[in-house]
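Everything below concerns the one structure shown next.
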Amino acid sequence: MTMDLEVLKCGNCERVKLGVHGLALGLAALCGAYNAAAWLSRREQHLAVNAVLYAVLIAFEQQHVSQHIAELRRPKAEPQATTGAIAEIAPLVAVVAVAAADIAA
Numbered sequence: 040m041t042m043d044l045e046v047l048k049c050g051n052c053e054r055v056k057l058g059v060h061g062l063a064l065g066l067a068a069l070c071g072a073y074n075a076a077a078w079l080s081r082r083e084q085h086l087a088v089n090a091v092l093y094a095v096l097i098a099f100e101q102q103h104v105s106q107h108i109a110e111l112r113r114p115k116a117e118p119q120a121t122t123g124a125i126a127e128i129a130p131l132v133a134v135v136a137v138a139a140a141d142i143a144a
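Just so you know, we're using this note's numbering here: the sequence shown kicks off at 40 and counts up by one.
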């Protein structure tokens, strides 16, 4: 079975992916802060382990958030049809500009 979902491809649905990883980052930060504070208060070993695991998860999610932000900031390539259409219209625009200049003068 093959899965050809658009959301799984790089460059698609980046805002949704950013939101999911941002939410995971916020939740990991909240849980990590709670476990660190609880460990400082009670000094139970499992709380220290949890705080360290959440710190690793925070770093992991921060990388994902950074990658999605970078993908959103990347300039989009223009489709070939648009580039060709602009090349075809450019001489017409020049003629119209000359005609407008003649009318204005």
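Ideal Cβ positions, reconstructed from N, Cα and C, are used throughout, including at glycine.
Apart from sequence neighbours up to five positions away, the residues of its chain that approach L64 with a beta-carbon distance below 7 Å are I97, E100, Q101 and V104, ordered along the chain. The alpha-carbon separation between A109 and E45 amounts to approximately 19 Å. Annotation for G61: the continuous alpha helix (DSSP H) segment containing it runs E53 to R81.
In the three-state DSSP reduction, A116 falls in the coil class, being neither helix nor strand. Between W78 and the set A68, A90, L69 and P114, the nearest pair of CA atoms involves A90. For L44, the secondary structure class from DSSP, reduced to helix, strand or coil, is coil. Relative to the Cα of A72, the nearest Cα in the group E83, H107, Y93 and G50 belongs to Y93.
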